[in-house]
Each structure stands twice: as structure tokens, then as C-alpha cells.
Amino acid sequence: MTSVLVLNGPNLNLLGTRQPEIYGHTTLADVEDMCAAHAETHGFAVTCLQSNHEGALVDAIHAAKGKHDGIVLNAGAYTHTSIALHDAIVGTQLPVVELHLSNIHARETFRHKSFIAPVAVGMICGFGAAGYTLALDALLGHLGRTT
Ligand code: CA2
6 MTSVLVLNGP
16 NLNLLGTRQP
26 EIYGHTTLAD
36 VEDMCAAHAE
46 THGFAVTCLQ
56 SNHEGALVDA
66 IHAAKGKHDG
76 IVLNAGAYTH
86 TSIALHDAIV
96 GTQLPVVELH
106 LSNIHARETF
116 RHKSFIAPVA
126 VGMICGFGAA
136 GYTLALDALL
146 GHLGRTT
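The working numbering puts the first residue of the sequence shown at 6, with every later residue one more than the last.
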């Protein structure tokens, strides 16, 4: 069975608690439930992880090799800074779909740069929590599965 890791980075544990005008009212637990329900409906396995620590995210990407077929990654603010996450993706060669709740290109200039984008299959941003299921479908399509 196809297996996908949904990996969320720093501060995404705060989803639904603050800045709802940018990130919506959906909590991280809601997002993870949505991903699990989508996996159940479409017959694939999903594991959800979140960390506020860059090294833990690197470790999670390394550990995904051989265990998962691909990753949906919302690297949060590390998107804009982390060569380590970029290198981890290159190192594992796992397909990654980059995901952002907000449209990072319509926000501050410092959010326009992504170190993930050059090594991702593609990016989904600006669709709020619905982006997670869009990203899962995009990844499954890339892996040759239709949902
Ligand atoms: O739009 C996204 O998904 C982001 O990855 C979210 C990151 C931000 O740094 C990126 O530029 C875009 C921030 C996540 C913080 O989420 C919070 C949610 C509620 C309250 C405070 C922070």
C-alpha cells in the first residue's frame, strides 16, 4: 500500500489558535484527521508528524526513506531559510510536495524564497487546510496512483 508522510514544521502546532485571518480556524489535529480520512477513503497509508526543530525535521525526512513513498511537507518558516531541509530531500530522493496554507507569494518578500521548491515535485499554496488533501492527491498522482 502506498504510504505518505505528512510533515509539518515550526509553529504549525499553533494552527487554529491565532492569526485565523491568515491560517484559518482549522487546528493541526483537524488537519491530521482530514489526512487520515482521505487516506482511508482512497486506500493509502498516511503518517502525520510535526516538529518545531529543524534537526528533527531532517531526521524525519531521513527516516521516511524506505518507509514512505513520498512526503507532503509544510516546512513553515524553515521553508525560507533551511539548506539542511533542502539537502535532506536531495539526500533521500523521496518525492516531496511542498505545501503552504497561505499564498506565500502574496505575503512579505522574505516568504517568497523557498529552499524546498527547487527540490520538490511541485508546490500547493494559498488554499488553507484544503491544500493538504490537494497535496496528497498531487503526490499520489505523481506516484502513478489516481485517487
Ligand atoms: O502558509 C504556510 O503554511 C506557512 O508555511 C506557515 C508558516 C510561515 O512561516 C510560512 O511562511 C508559510 C508559519 C506557521 C505558523 O502558524 C501559526 C499558526 C497560528 C498562529 C501562529 C502561527
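Using N, Cα and C, we set each Cβ at its ideal position, and we do this for glycine too.
As the structure is a prediction and not an experimental result, all values here were calculated from the model.
So, at 6 Å on beta carbons, what are the nonlocal neighbours of H147 in its own chain, with the 5 sequence-adjacent residues on each side left out? Taking the sequence shown and counting its residues from 1, one reaches residue 147 at position 142. Cβ neighbours of H147 beyond the five flanking positions: P100, V126.
Over the uninterrupted beta strand (DSSP E) stretch that includes A50, give me the two end residues. The residue you call residue 50 lines up with position 45 of the sequence shown. Start and end: 50-55.
Chain-ordered residues, beta carbon under 6 Å from a heavy atom of the ligand CA2: For the ligand CA2, the selected residues are N16, L17, L19, L20, T22, R23, Q24, Y28, N79, G81, A82, T84, H105, L106, S107, I109, R116.
Which residue's Cα is closest to the Cα of A135: R116, I88, H43? Translated into positions along the sequence shown, residue 135 becomes position 130. The shortest Cα separation from A135 among R116, I88, H43 belongs to H43.
Taking all protein chains shown into account, do 16 or more other C-beta atoms lie within 10 angstroms of the C-beta of L90, making it buried, or fewer, making it exposed? Walking along the sequence shown from the start, residue 90 turns up at place 85. L90 is buried by the Cβ-count criterion.
Give me, in chain order, the residues of the same chain whose beta-carbon lies closer than 7 Å to that of N108; leave out the 5 immediate sequence neighbours on both sides. Counting from one through the sequence shown, the residue named residue 108 turns up at place 103. Closer than 7 Å at Cβ, skipping near neighbours: C130, G131.
Are there 16 or more other CB atoms within 10 angstroms of the CB of T138, so buried, or fewer, so exposed? Position 133 of the sequence shown holds residue 138. Buried.
Using 8 Å as the Cβ pair cut-off and three pairs as the minimum, do the segment 67-76 and the segment 22-29 touch? The segment 22-29 and the segment 67-76 do not touch, with fewer than three beta-carbon pairs separated by less than 8 Å.
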